[in-house]
Every structure is written in structure tokens, then in C-alpha cells.
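> Shown below is the structure under consideration.
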Amino acid sequence: MTRILMVCLGNICRSPLAHGILQSKLPEDRFYVDSAGTAAYHIGNVPDKRSIAVANQHDLDISTQSARQFKVSDFDAFDIIYAMDHSNYEDIIRLARNSEDTKKVTLFLKVNSCVQNKNVPDPYYGSQDGFECVFKLINDTCDILAKKLNN
């Protein structure tokens, strides 16, 4: 089974969406998807209500997810770790113990050649429209990832 971790800053906006979207596109018997944040701001909280709402509009329920902080043991527990932006990537890499850990980490949008900026924008301080834009960006990228991972 391939184990995939999606990581953003607080684990309440971008990574829960990426977690839910990618999970919905991959067979459960072959893939396990989870999410975490690099900061401890929201540990134990459900995703932001706007993330839950935009997911619901697309027939996805992410309301049972619970925010947690990325930890060093995640390098052992996961095969692939996707960072939502360069800042999260650097925070994760700083915790890497060796080159094997580092090889597991990549920018989420790196697989999407249609986007120039490889940072998934953080919609937290914006309006619901920002969450819809982020959902679309993550969904499009998860389509690419699912195709790649299923081959």
C-alpha cells in the first residue's frame, strides 16, 4: 500500500482538501492518504468551515478530518509527502534526518505543468471564492496525480 501525506501550514484549509480530493480518486485498497500541518495552530480542530463547504459543494465530506502537526515519524509512516508551498517544503526538509527522508518530499504542484507558480495559495485570510479557486487547483492536480499513481 502506498501511503501519501499532504502538508500545509495549519492543516485546516489546503491539505485537508488535498487529502479528501486525492483520497476520492484513488482505490482504498492500494492507497492511504492523510494530511498534516507544519505548525501547531489548529491541532485537533476540524478543517476550516469554508474548506468543508467547498468540499461539500463537490460531493466530498472532509468534516471528519482532524488537524495534526507534521512529525519526524511521518517520514517513516509515509512513502510520499506533498508540501502545498515552498515554505512548508522547507519546514519539512529541516526535519529530515537523511537523504531518504528528503527524497520523499516534493511540492504538490510540481506535477502540474499547467501552473507556473508552484505554491498552492493559502485561502485562509480571503473569501469563499479563494477556497473555490484552491479547490479547483488542487482537484486538477489530483487528477494528474491519480493518473500517475495508478499507472
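Going left to right, the sequence shown walks through residues 1 to 151 as full-length UniProt numbering numbers them. Just so you know, even glycine gets a beta-carbon here, dropped at the ideal spot from N, CA and C.
In whole angstroms, what separates the C-alpha of D48 from that of K110?
25 Å
> Let me make sure I understand the geometry here. Which of M1, D122, V7, S87 has the alpha-carbon closest to that of R68?
V7
> Tell me whether Y41 sits in a helix, a strand or coil according to DSSP, three-state version.
coil
> Which of helix, strand or coil does DSSP assign to F31?
strand
> Under 8 Å: do the region 79-96 and the region 109-128 share three or more Cβ pairs, one atom per stretch?
Because the criterion of three Cβ pairs below 8 Å is met, the region 79-96 and the region 109-128 touch.
> Leaving out five residues on either side along the sequence, give the residues of the same chain with a beta carbon under 7 Å from the beta carbon of V120.
R14, M84, D85, F108, L109, V134, L137, I138
> C13 by DSSP, collapsed to three states: which one?
coil
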